[in-house]
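A short worksheet on the structure shown next.
Number of protein chains: 2
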Amino acid sequence: MREETKKIACSNCSSRTSCIPTGWGEAHLRQIDNLISSRRSIRRGGVLFYNGEPFSALYAIRTGFFKTSLGTEDGRAQVTGFQMAGEIIGLDGIVNARHTCDEIALEDADVCVMPYDRIEDISREVVAFQRHIHRLMSREIVREHRVVLLLGSMRAEERLAAFLLDLMQRLQARGFSNSELILRMTREEIGSYLGLKLETVSRTFSRFAQEGLIEVRQRHIQIRDGQALSQRGYRQICY
Amino acid sequence: MREETKKIACSNCSSRTSCIPTGWGEAHLRQIDNLISSRRSIRRGGVLFYNGEPFSALYAIRTGFFKTSLGTEDGRAQVTGFQMAGEIIGLDGIVNARHTCDEIALEDADVCVMPYDRIEDISREVVAFQRHIHRLMSREIVREHRVVLLLGSMRAEERLAAFLLDLMQRLQARGFSNSELILRMTREEIGSYLGLKLETVSRTFSRFAQEGLIEVRQRHIQIRDGQALSQRGYRQICY
DNA sequence: CGACCGTTTGATAGTGCTCAATTCAAGTGG
DNA sequence: CCACTTGAATTGAGCACTATCAAACGGTCG
């Protein structure tokens, strides 16, 4: 799994708005430019970091799609989340200076490496950046809350609908179509994430299709009736 | 629900070690002493903060026991966690400056109020404190990961066993017995947290008791065979 | 083209849920 | 002090949803 390393700054990065939003004064831009140490390219199926691996940096996804996977003692594994461009990953490693999950690329990906000690330094100097980091972590906590809600109180249909709606929303926020998406993960990975078996995922897709809610061609999903889909899956909290 | 407010400093707090660990130089103790603005006492059943309420502070639990509860659009609610003395709550509110869940006392409780702007200030001045806050948030993320794993891949028996073991471990870390505990929550709240119905929780308790793993008298639980219990529930990741 | 992986679909079994009745513990008020 | 009320917990019977096992299909890539 070959990986390349490049040198780059945030100030002239095209996707800056998504991961490090605007709003710093010009004065601080130079400090922010010191944030990224390098980039890494990960091939499809490649691993960004392993469970147990020493923690040293957070990563901003520039392109590509990742899954977060957690192993259990008895050999089972569960997907605990999917990440796409613009999102920051690796926050789990801060507590014990070790990562506690595997981060695996579902397609060829590029990430910016943000060494944690630099994050600490800049946080102390740039108030807006400090707040940004806190908000990132807090957002992650809130997101996980919603996953817990999903896994703890929804049925298969509701879970899958909520999953599709969540994906759609995140893609739409990144400028993609709001009625069409291509799944980057297998049915098994979706099932693992939703606490279902792959057969159940497949069946539920078929049922949705039969009822005219969506159109399914392999991993290509077309939303036909977003309204109805919402009614099935959107039990999420509004905030 | 009457609540009292008192003024106090961390440096001479008996339970300091649990929420704000030692290790700051003497020089910084005075800054830390400025962290707590007041204390609040919450009666059993009282609410520390509501979903939607403006966020202004984190809270350190001095005494008492809380549950975190999330409401769904269609009126259902789910418990997403239980918190005990020494733990820090309210981290969910940072992202959007509003709390996204309800925090409810399961027994009379006392909390220290830590205004968020003071946390920001001290974080910038005391490196060890900054790191402490980051670790708190990261720990919360890792904990939630484990809950997701529990809900997504364990069966009723495993869930309840893991739940008991987790509680025991946290109580033991606080100096309580490692073979005996009193549940502060109802079967329904346990069920909600574990993604089960209260009847299932009750039945599973009974089964454990029948098999000699534990002894159940209402909310009083006696561990008889922790080893066996571990084998049932401990599929958690080791880290 | 053929092999392989992922997906779909069917039949059956099992786990946990629903509905309902009963027991238990702790107040509450006469 | 005891009958009464109330909320929580236990237990049972039947059912619904999802898992499991199994087979067939389809797209992709060597």
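Going line by line, the protein sequences match chains A and B.
The first sequence begins at -12 in my numbering and counts up one residue at a time.
The second sequence begins at -12 in my numbering and counts up one residue at a time.
Cβ atoms here follow ideal geometry from the backbone N, Cα and C, with glycine treated the same way.
Distance between beta carbons of residue j and residue i, contact taken as under 8 Å
i, j, result
"residue 138 (chain A)", "residue 152 (chain B)", "Contact doesn't hold; Cβ gap of about 20 Å is too wide."
"residue 78 (chain A)", "residue 65 (chain A)", "Not confirmed; about 18 Å, so no contact."
"residue 92 (chain A)", "residue 35 (chain A)", "7 Å"
"residue -3 (chain B)", "residue 22 (chain B)", "6 Å"
"residue 122 (chain A)", "residue 81 (chain B)", "6 Å"
"residue 209 (chain B)", "residue 167 (chain B)", "5 Å"
Residues sharing a beta bridge with residue i, DSSP
i, result
"residue 102 (chain B)", "B:44"
"residue 18 (chain A)", "In DSSP, residue 18 (chain A) forms no bridge with anything."
"residue 206 (chain A)", "The partner list for residue 206 (chain A) (beta bridge, DSSP) is empty, contrary to what the question assumes."
"residue 178 (chain B)", "DSSP lists no partner for residue 178 (chain B)."
"residue 65 (chain B)", "B:57"
"residue 76 (chain B)", "B:46"
"residue 89 (chain A)", "A:56"
"residue 116 (chain A)", "DSSP, once it has assigned bridges, lists no residue as partnering residue 116 (chain A)."
"residue 168 (chain B)", "B:208"
"residue 70 (chain B)", "B:53"
"residue 109 (chain A)", "Beta-bridge pairing links residue 109 (chain A) to no other residue."
"residue 201 (chain A)", "A:210"
"residue 34 (chain A)", "A:91"
Contact set between residue i and chain B, taken where Cβ atoms lie within less than 8 Å
i, result
"residue 78 (chain A)", "124, 125, 128"
"residue 182 (chain A)", "138, 139, 140"
"residue 110 (chain A)", "110, 111, 117"
Alpha carbon of residue i to alpha carbon of residue j, nearest angstrom
i, j, result
"residue 147 (chain A)", "residue 218 (chain A)", "12 Å"
"residue 18 (chain B)", "residue 109 (chain B)", "7 Å"
"residue 156 (chain B)", "residue 165 (chain B)", "7 Å"
"residue 223 (chain B)", "residue 191 (chain A)", "For residue 223 (chain B), the predicted structure reports a pLDDT of 45, less than 50, and the residue's modelled location is therefore unreliable. A value from the coordinates is still provided. When rounded, the distance between both Cα atoms is 29 Å."
"residue 41 (chain A)", "residue 84 (chain A)", "6 Å"
"residue 11 (chain A)", "residue 188 (chain A)", "44 Å"
"residue 183 (chain A)", "residue 193 (chain A)", "15 Å"
"residue 143 (chain A)", "residue 149 (chain B)", "24 Å"
"residue 162 (chain A)", "residue 198 (chain B)", "57 Å"
"residue 49 (chain B)", "residue 120 (chain B)", "18 Å"
"residue 31 (chain A)", "residue 211 (chain A)", "30 Å"
"residue 141 (chain A)", "residue 52 (chain A)", "26 Å"
"residue 112 (chain B)", "residue 62 (chain A)", "44 Å"
"residue 134 (chain B)", "residue 67 (chain A)", "10 Å"
"residue 15 (chain A)", "residue 116 (chain A)", "10 Å"
"residue 107 (chain B)", "residue 118 (chain A)", "8 Å"
"residue 177 (chain B)", "residue 86 (chain A)", "29 Å"
"residue 180 (chain B)", "residue 174 (chain B)", "10 Å"
"residue 220 (chain A)", "residue 136 (chain A)", "12 Å"
"residue 73 (chain B)", "residue 95 (chain B)", "15 Å"
"residue 127 (chain A)", "residue 37 (chain B)", "20 Å"
"residue 45 (chain A)", "residue -5 (chain A)", "16 Å"
"residue 154 (chain A)", "residue 33 (chain A)", "22 Å"
"residue 129 (chain B)", "residue 8 (chain B)", "20 Å"
"residue 216 (chain B)", "residue 200 (chain B)", "6 Å"
"residue 24 (chain B)", "residue 69 (chain A)", "39 Å"
"residue 104 (chain B)", "residue 20 (chain B)", "14 Å"
"residue 39 (chain A)", "residue 195 (chain B)", "33 Å"
"residue 185 (chain A)", "residue 160 (chain A)", "28 Å"
Beta-carbon proximity of residue i to residue j, cut-off 7 Å
i, j, result
"residue 124 (chain A)", "residue 124 (chain B)", "yes"
"residue 47 (chain B)", "residue 88 (chain B)", "no"
"residue 99 (chain B)", "residue 26 (chain B)", "yes"
"residue 206 (chain B)", "residue 169 (chain B)", "yes"
"residue 43 (chain A)", "residue 97 (chain A)", "no"
"residue 59 (chain A)", "residue 90 (chain A)", "no"
"residue 131 (chain A)", "residue 131 (chain B)", "yes"
Chain-ordered neighbours of residue i on chain B, where CB pairs are closer than 9 Å
i, result
"residue 0 (chain A)", "What residue 0 (chain A) touches in chain B: nothing, since even the nearest Cβ is about 23 Å away."
"residue 107 (chain A)", "114, 117, 118, 121"
Residue i: contacting residues in chain A (beta-carbon distance under 7 Å)
i, result
"residue 134 (chain B)", "135"
"residue 173 (chain B)", "Those do not exist, as residue 173 (chain B) stays about 16 Å from chain A at its closest Cβ, beyond 7 Å."
"residue 227 (chain B)", "Summary: the structure shown does not reach residue 227 (chain B), with chain B confined to residues -12 through 226, and so no result is reported for it."
Partners in chain B for residue i, counting only beta-carbon separations shorter than 7 Å
i, result
"residue 82 (chain A)", "122, 125, 126, 129"
"residue 88 (chain A)", "132"
"residue 191 (chain A)", "Here the premise fails: no neighbours, minimum Cβ distance about 16 Å."
"residue 187 (chain A)", "Here the premise fails: no neighbours, minimum Cβ distance about 13 Å."
Residue i CB to nearest heavy atom of the ligand ZN below 6 Å
i, result
"residue 51 (chain B)", "Of the ligands one can find in the structure shown there are none, so the ligand ZN has no counterpart to examine."
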